[in-house]
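Taking it in order: structure first as structure tokens, then the write-up.
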Amino acid sequence: MCPSGRAPGPPASELRRAFDIIDADHDGLISHDDLKAFYSSSSFPPSATTDDEIRSMIYAADANRDGFVEFHEFERVLTVAASSSAVPMPSGVASMFENAFKVMDRDGDGQVGFGDLKACLGMIGVDVGDEDVRLMMKMGGGNESDGVDLDALLKILAVDF
256 MCPSGRAPGP
266 PASELRRAFD
276 IIDADHDGLI
286 SHDDLKAFYS
296 SSSFPPSATT
306 DDEIRSMIYA
316 ADANRDGFVE
326 FHEFERVLTV
336 AASSSAVPMP
346 SGVASMFENA
356 FKVMDRDGDG
366 QVGFGDLKAC
376 LGMIGVDVGD
386 EDVRLMMKMG
396 GGNESDGVDL
406 DALLKILAVD
416 F
């Protein structure tokens with residue numbers, strides 16, 4: 256149990272910002288088209304994800320099986336996924352985190368470095384200073400010069416801000 260009374264993971268305001276970025280048509284739901292548009296944005300390499308992978312991501316998060324991801328479903332999946340590597344993630348969610356990591360790892364060395372992390376946080380609207388990024392990397396078990404791997408990045412996301 257967290258002293259703050261909420262589950263570990265990214266703060267709700269950051270999750271809302273991320274959700275709103277992905278919800279391209281701003282209808283309060285993440286659809287297949289929204290997620291496809293997100294992955295097709297110039298920030299991602301061409302063919303970052305296939306239609307089957309997008310369907311899998313939607314299915315993994317869509318608790319009520321209406322074909323869309325509502326904010327509370329998005330929040331649940333990301334909070335659970337970030338809170339513990341001992342909790343098995345559905346393959347679609349794992350794929351989503353792996354794809355996001357690959358995008359962040361711009362040089363493909365299996366590590367997200369200082370510049371990578373800061374740039375990606377800025378891309379999703381999180382304004383952080385250099386010292387904050389260094390602290391995040393340290394919390395994940397990495398450092399500014401070596402970077403962090405996917406497991407360390409998930410630890411960073413699990414920090415209860």
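So in the numbering used here the end of the sequence shown lands on 416, straight run, no missing numbers.
Backbone N, C-alpha and C define an ideal beta-carbon position, used for all residues, glycine too.
Three-state secondary structure assigned by DSSP to residue i
i	result
residue 402	strand
Bounding residues of the alpha helix (DSSP H) (the contiguous stretch that carries residue i)
i	result
residue 388	385-394
residue 292	287-295
residue 369	369-378
residue 278	Residue 278 -> no alpha helix (DSSP H), and no H or E assigned at all.
Sequence-distant residues of the same chain with beta carbon closer than 8 Å to residue i, five excluded per side
i	result
residue 396	403, 407, 410
residue 283	325, 326
Beta-carbon gap between residue i and residue j smaller than 8 Å
i	j	result
residue 216	residue 373	Absent from the structure is residue 216, since the part of the chain shown begins at 256 and ends at 416.
residue 356	residue 405	yes
residue 281	residue 313	no
residue 326	residue 361	no
Length of the line joining the Cα atoms of residue i and residue j
i	j	result
residue 419	residue 398	For the chain, the structure presents residues 256 to 416; residue 419 sits outside this window and is missing.
residue 232	residue 292	Absent from the structure is residue 232, since the part of the chain shown begins at 256 and ends at 416.
residue 318	residue 324	8 Å
residue 275	residue 332	16 Å
residue 352	residue 328	16 Å
residue 315	residue 358	21 Å
residue 308	residue 285	15 Å
residue 437	residue 371	Absent from the model: residue 437. The displayed extent of the chain is 256 to 416, so no value can be given.
residue 401	residue 322	40 Å
Neighbourhood of residue i by C-beta distance below 7 Å, restricted to the same chain and skipping five residues each side
i	result
residue 289	277, 278, 279, 280
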